[in-house]
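Asks:
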DNA sequence: AGTCTAATTAGAAATATATCTAAGTAGGTG
DNA sequence: CACCTACTTAGATATATTTCTAATTAGACT
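Residue numbers (this note's numbering), protein chains in the order written: chain D, 1 to 188; chain X, 189 to 376.
This is the structure we're talking about:
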């Protein structure tokens, strides 16, 4: 997740009433009017907050007759609340000394991969660097993966195959999913 | 974690520069001056942001000669970023139908426990309700636990013992620690 | 179409936050 | 002690955000 999505997420939860709304919705869906009543706010204010929460995909409104029921999107909450941890881990990975050097050696100034390292450890460092532009847990078509890889190197076939071999992603009827770092090949 | 600590946490991360600071510190400790330089802010502004981050215990400053190096407190970040998830789970637990009824039946309007249920399932519901005022992962002395329980019921000995028996907490030379929900006794 | 309900939009007022400059402080060093 | 560096505090200003009222819209029902 890029920095400004993360920012919007934390801003969205950085308001008492929105935090309360999330908790209310965790107990079950509610209409705008009900939320307004429980929090002692006007409908307009609730609309404002729901817009903020909707923008970061934490809630979804479903119309039923005249009234709109808001649901908490738990999966999204789960994903986004951990984003900062994933990001911190990623920063740590890319800044520990040896790795940084390898990445510098194998990528040129425009960010393209010069050659695929033959030494396993270096190769994995390079792969993990490549992976950083993809989203963990998301699914991609083979086309998307190949296009993505080709930004960095011509030989997308080899690299895509190595991604799977080393458990960076897994493939199921033509769909590729980026695994969480726990499953990745261990370096060393 | 209570609502307003959670609020302060998300507010702290709800600012671009503070988010950037967290990422910079993930790559290694930096002094105030270095942070100011990297972000193009004045020292005063950095002090302001560091105060906010310190208040929610996300960073710690260590003085070395004349300069203060700031460190990211990763454990705290880890704990706090998941708080909202834990809270949502807790809300869900206390509002699923049967549990709610049991809690209503066994607690009076002022919130005290009328009797300890003899039926195991109901008893566990009641215990989990009691536990909600304590912090998961924190350590408490026996005195603290007893005082806490006595808010709800005279027989703190029985209840404290049952807390341990059912893996809600664990005891080690007189110190009690609240376990995470995964370890709790399974209901049903 | 007319009317009702529930939600939204626009815009104003109040509040909170980020940022700066300037002055101050704490600790280290000659 | 005088001076330097690095950080902090105080106070001003600019910017963002929350909240409201009043007007508007979208859809359901007669």
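Cβ atoms here follow ideal geometry from the backbone N, Cα and C, with glycine treated the same way.
Using C-beta distances below 8 Å, list every residue in its chain close to residue 30 of chain D, excluding the 5 sequence neighbours before and after it, in chain order.
Replies: Here residue 30 of chain D refers to the residue found at position 30 when the first chain is read from its first residue. Within the same chain, residue 30 of chain D has close Cβ partners 24, 38, 69 and 70.
Asks: For residue 95 of chain D, which of helix, strand or coil comes out of DSSP?
Replies: The residue given as residue 95 of chain D occupies position 95 in the first chain. Helix.
Asks: From which residue to which residue does the alpha helix (DSSP H) around residue 127 of chain D run?
Replies: For the purposes of this step, residue 127 of chain D is taken as residue 127 along the first chain, with counting starting at 1. Residues 120-131.
Asks: Using a Cβ-based criterion (distance less than 6 Å to any ligand heavy atom), does residue 271 of chain X qualify as near the ligand GDP?
Replies: Within the structure as shown, the ligand GDP is missing, as the structure has no ligands at all.
Asks: With distances taken from CA atoms, which of D:134, D:165 and D:87 is nearest residue 151 of chain D?
Replies: Looking up residue 151 of chain D in the first chain gives position 151. It is D:134.
Asks: What residues in the segment 260-274 of chain X have a beta carbon less than 8 Å from any beta carbon of chain D?
Replies: 260, 262, 265, 266, 269, 270, 272 and 273
Asks: Looking at C-alpha atoms only, which residue of D:92, D:146 and D:188 is the closest neighbour of residue 176 of chain D?
Replies: Here residue 176 of chain D refers to the residue found at position 176 when the first chain is read from its first residue. Closest by alpha carbon: D:146.
Asks: Taking residue 357 of chain X as part of the beta strand (DSSP E), name the residues at either end of that continuous run.
Replies: The sequence position of residue 357 of chain X within the second chain is 169, counting from 1. Counting along the chain, the unbroken beta strand (DSSP E) around residue 357 of chain X starts and ends at 357-360.
Asks: Which chain X residues are close to residue 95 of chain D, counting only those with a beta carbon under 9 Å from its beta carbon?
Replies: Walking along the first chain from the start, residue 95 of chain D turns up at place 95. Near residue 95 of chain D (Cβ distances below 9 Å), the residues of chain X are 214, 215 and 216.
Asks: Report the three-state DSSP secondary structure of residue 163 of chain D (helix, strand or coil).
Replies: Your numbering for residue 163 of chain D matches position 163 in the first chain. Residue 163 of chain D: helix per DSSP, three-state reduction.
Asks: Tell me, please, whether the CB atom of residue 11 of chain D is closer than 7 Å to any CB atom in chain X?
Replies: Walking along the first chain from the start, residue 11 of chain D turns up at place 11. Closer than 7 Å: yes.
Asks: Can you tell me whether residue 61 of chain D is helix, strand or coil according to DSSP?
Replies: Against the first chain, residue 61 of chain D aligns to sequence position 61. Here residue 61 of chain D sits in strand by DSSP.
Asks: Give me, in chain order, the residues of the same chain whose beta-carbon lies closer than 8 Å to that of residue 255 of chain X; leave out the 5 immediate sequence neighbours on both sides.
Replies: One-based indexing of the second chain puts residue 255 of chain X at position 67. These residues qualify, in order along the chain: 219, 220 and 221.
Asks: Helix, strand or coil for residue 53 of chain D, going by three-state DSSP, please let me know.
Replies: One-based indexing of the first chain puts residue 53 of chain D at position 53. Helix, per DSSP.
Asks: In chain order, what residues of the same chain lie with their CB nearer than 6 Å to the CB of residue 61 of chain D, ignoring the 5 residues before and after it?
Replies: In the first chain, residue 61 of chain D corresponds to position 61, counting from 1. The beta carbon of residue 61 of chain D is closer than 6 Å to those of 68 and 70 in its chain, skipping five residues each way along the sequence.
Asks: With 7 Å as the threshold, decide whether the Cβ of residue 60 of chain D is near any Cβ in chain X.
Replies: Looking up residue 60 of chain D in the first chain gives position 60. Not one chain X Cβ lies under 7 Å of residue 60 of chain D.
Asks: Kindly indicate the opening and closing residues of the beta strand (DSSP E) around residue 260 of chain X.
Replies: To locate residue 260 of chain X, count along the second chain from 1; it is residue 72. Looking at the DSSP string, the run of the beta strand (DSSP E) that includes residue 260 of chain X is 255-260.
Asks: Can you give the Cα-Cα distance for residue 22 of chain D and residue 8 of chain D, rounded to whole angstroms?
Replies: Counted from its first residue, the first chain places residue 22 of chain D at position 22. Counted from its first residue, the first chain places residue 8 of chain D at position 8. Their backbone Cα atoms lie some 15 Å apart in a straight line.
Asks: Considering only the beta carbon of each residue, do residue 103 of chain D and residue 215 of chain X sit closer than 7 Å?
Replies: In the first chain, the residue the question calls residue 103 of chain D occupies position 103. In the second chain, the residue the question calls residue 215 of chain X occupies position 27. For residue 103 of chain D and residue 215 of chain X, no; Cβs fall outside 7 Å.
Asks: Can you grab the Cα-Cα spacing for the pair residue 43 of chain D / residue 19 of chain D, in whole Å?
Replies: Taking the first residue of the first chain as position 1, residue 43 of chain D is located at position 43. Taking the first residue of the first chain as position 1, residue 19 of chain D is located at position 19. Cα to Cα, the separation comes out at about 17 Å.
Asks: Since residue 24 of chain D is in the alpha helix (DSSP H), which residue starts that stretch and which ends it?
Replies: The sequence position of residue 24 of chain D within the first chain is 24, counting from 1. Counting along the chain, the alpha helix (DSSP H) containing residue 24 of chain D begins and ends at 16-26.
Asks: Output needed for residue 84 of chain D: all residues of its chain with C-beta closer than 7 Å, excluding positions within five of it in sequence on either side, in chain order.
Replies: By one-based count along the first chain, residue 84 of chain D stands at place 84. Excluding sequence neighbours, residue 84 of chain D sits near 6.
Asks: Kindly indicate which three-state DSSP category residue 322 of chain X falls into: helix, strand or coil?
Replies: What you label residue 322 of chain X is simply residue 134 of the second chain in a count that begins at 1. Correct three-state label for residue 322 of chain X: coil.
Asks: Going by beta carbon distance, what residues of the same chain come within less than 6 Å of residue 309 of chain X, once the five residues before and after it are set aside?
Replies: Walking along the second chain from the start, residue 309 of chain X turns up at place 121. Closer than 6 Å at Cβ, skipping near neighbours: 375.
Asks: How far does the alpha helix (DSSP H) with residue 39 of chain D in it reach, from first residue to last?
Replies: Here the question's residue 39 of chain D lines up with position 39 in the first chain. It spans 32-39 - the alpha helix (DSSP H) in which residue 39 of chain D sits, taken as one unbroken run.
Asks: Going by alpha carbons, who is nearest to residue 77 of chain D out of D:89, D:55, D:63 and D:96?
Replies: Within the first chain, the letter at position 77 stands for residue 77 of chain D. The option with the nearest alpha carbon to residue 77 of chain D is D:55.
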